[in-house]
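Student: In my numbering, the protein residues as written are 270 to 721. Even glycine gets a Cβ: it sits at the ideal position worked out from N, Cα and C.
(1) Just list the residues that DSSP pairs residue 654 with in beta bridges.
(2) Could you give the uninterrupted runs of the alpha helix (DSSP H) lying entirely in the stretch 328-359, keeping only those of 4 residues or more?
(3) Along the beta strand (DSSP E) that carries residue 596, what are the first and last residues, could you check?
(4) So, with DSSP's three-state summary, where would you put residue 586?
(5) If we call anything under 7 Å between Cβ atoms a contact, is residue 252 one with residue 614?
(6) Since I believe residue 373 is in contact with residue 307 (beta carbons under 8 Å), could you give me their beta-carbon distance rounded to a whole number of angstroms?
(7) Suppose you measure from the CA of residue 389 to the CA of residue 284; what does that come to, to the nearest Å?
(8) What does DSSP give as the partner residues of residue 704 in its beta bridges?
(9) Between residue 303 and the rest of its own chain, which residues show a CB-CB distance below 6 Å, the 5 nearest in sequence each way excluded?
(10) Please classify residue 667: does DSSP put it in a helix, a strand, or coil?
(11) How would you write the range of the alpha helix (DSSP H) that residue 406 sits in, first residue to last?
(12) Spatial neighbours of residue 684 within its chain, please: CB distance less than 6 Å, with the 5 preceding and 5 following residues excluded, ordered by chain position.
(13) Quick one: any contact between the stretch 585-594 and the stretch 663-670, if contact means 3 or more CB pairs under 8 Å?
(14) Comparing C-alpha positions only, which one of 714, 583 and 312 sits nearest to residue 424?
(15) Checking 7 Å against the spacing of the C-beta atoms, do residue 616 and residue 578 come in under that value?
(16) My output table needs one value for residue 624: the three-state DSSP class, helix, strand or coil.
(17) Do you know whose CA, among 653, 611, 623 and 647, lies nearest residue 603's CA?
(18) Return the residue from the list 498, 321, 546 and 704 that minimises the CA-CA distance to residue 619.
(19) Going by alpha carbons, who is nearest to residue 323 out of 640, 648 and 356?
(20) Determine the DSSP secondary structure at residue 726, reduced to helix, strand or coil.
(21) Just to confirm my understanding: we take residue 354, look at its own chain, exclude 5 residues before and 5 after, and list those with CB closer than 7 Å. What are they?
(22) So what's residue 711 in DSSP terms, helix, strand or just coil?
(23) On a Cα-Cα basis, can you pick out the residue from 711, 605, 485 and 380 that is closest to residue 572?
(24) On the DSSP letters alone, give me the boundaries of the alpha helix (DSSP H) that residue 299 sits inside.
(25) How big is the Cα-Cα spacing for residue 583 and residue 569?
(26) Cutting at 6 Å between CB atoms, please list the residues of its own chain near residue 381, excluding the five before and the five after it.
(27) So, at 7 Å on beta carbons, what are the nonlocal neighbours of residue 639 in its own chain, with the 5 sequence-adjacent residues on each side left out?
(28) For residue 411, count the other beta carbons within 10 Å of its own beta carbon; 16 or more makes it buried, fewer makes it exposed. Which is it?
(29) If you draw a straight line from the alpha carbon of residue 587 to that of residue 550, how long is it in whole angstroms?
(30) I think residue 334 touches residue 346, with their Cβ atoms under 8 Å apart; what is that distance to the nearest whole Å?
(31) Buried or exposed: residue 662, going by 16 or more other Cβ atoms within 10 Å of its Cβ?
(32) Do you know how far the Cα of residue 368 is from the Cα of residue 427?
(33) Would you kindly check if the distance between the Cβ of residue 693 and the Cβ of residue 713 is under 7 Å?
(34) Who are the Cβ neighbours of residue 681 in its own chain at under 6 Å, not counting the five residues just before and after it?
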């Protein structure tokens, strides 16, 4: 009985050491219910391994900061660490990472405002009891975690989730982060003040102050999200303009074929009736050239080239080449949504390679560019192959990547010799990219290899 009495006294009186001991399992429980809640509400695809890693990392960090860093600085560190861990562990976008923090914070702050007041009234204790008395710390924390778990179960049962596309632009990510940091600082300071003076401030004032701050913070982020969505819509409209231009040209070509169909058949019949096979071969070659042009235009389809940035780049380069009477032949055998490279880096590389191909082929009598996009399953790589006719047969395939090296006429005042050097710098920063450069008597070939 004396042992039980000692234990009870330790639990019901101020005991900082016992509070730290009790806090160890509580932190792991808190992180567990938190990760279940935000992955469900934000519809984040996750594995047990990812969730376990998140719980362990955040729990260890939470314990470390609570033991060695004073309030409220430890809170700032934990709040900033949360979206960073979500971003890297769950491989999601910045918006979802920030919202993961917001979802947890809203759930815990609102439950705190409600449950603390109810608990204080029922057990007739003040706010300090939750911090310094082990039994109240344990009981209240378990009640709060049960509340959060029931909230998670409810959201999962009714399939309540928020679907957010991974389309936030880079500059908006910066604004979002700044907004997040300012908002969280405001919320943490207000929460600290409210907790410290809980026994003095009216419950209604505590709740309304935190609630208003949260609402302002959420509205601010929602406004930024809508602005980003508007920018994405504008980009989609530009893409549709390019596609409409392609469709117009395609329609005109098909109308031309339909109008000349009888003439084409009669011409073929004339070669056959006179047994002029050489003439028929030449005529067939010219006919296939026009057919290839129609096929290329049919490939320039955003549903086939299903990456807006790459589609826009390829379409603009195609029309640029067409104005110079350069023939471009496309072959696309790859889902561009599965690329194992950042779109920004890929468009920079392709833009430089295509510009070089257009410029080189434009100096030839036979102006042709071949573009092949395919997957090599045996070598676990994705390939972007650009081949073009060229006139400078003595070009050095090694020196062309040197800064300032060029075989072009420098009297035009242009800043030559930087494009392929920039490509080489991008390749150096990536461990899964390779550019294989070769040439034959007819074609100059650049093969971008993306390993996965």
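Tutor: A quick look at the data gives this:
(1) 641 and 716
(2) 342-358
(3) 596-601
(4) helix
(5) In the structure as shown, the chain starts at 270 and stops at 721, and residue 252 therefore has no counterpart that could be examined.
(6) 6 Å
(7) 19 Å
(8) 717
(9) 373
(10) coil
(11) 403-426
(12) Caution is warranted here: a pLDDT of 46 is assigned to residue 684, below 50, making its placement in the model unreliable, and the coordinate value is therefore given only provisionally. If we look at residue 684 and ignore the five residues flanking it on each side, it has no Cβ neighbours.
(13) no
(14) 312
(15) yes
(16) helix
(17) 653
(18) 704
(19) 356
(20) The structure shown does not extend to residue 726, since the chain spans only 270 to 721, so no value can be given for it.
(21) 323, 326 and 327
(22) coil
(23) 605
(24) 285-310
(25) 8 Å
(26) none
(27) 598 and 656
(28) exposed
(29) 28 Å
(30) 5 Å
(31) exposed
(32) 20 Å
(33) no
(34) Note on residue 681: pLDDT 40, under 50, position unreliable in the model; the coordinate value appears next. Counting only Cβ-Cβ distances below 6 Å, and skipping sequence neighbours, we find nothing.
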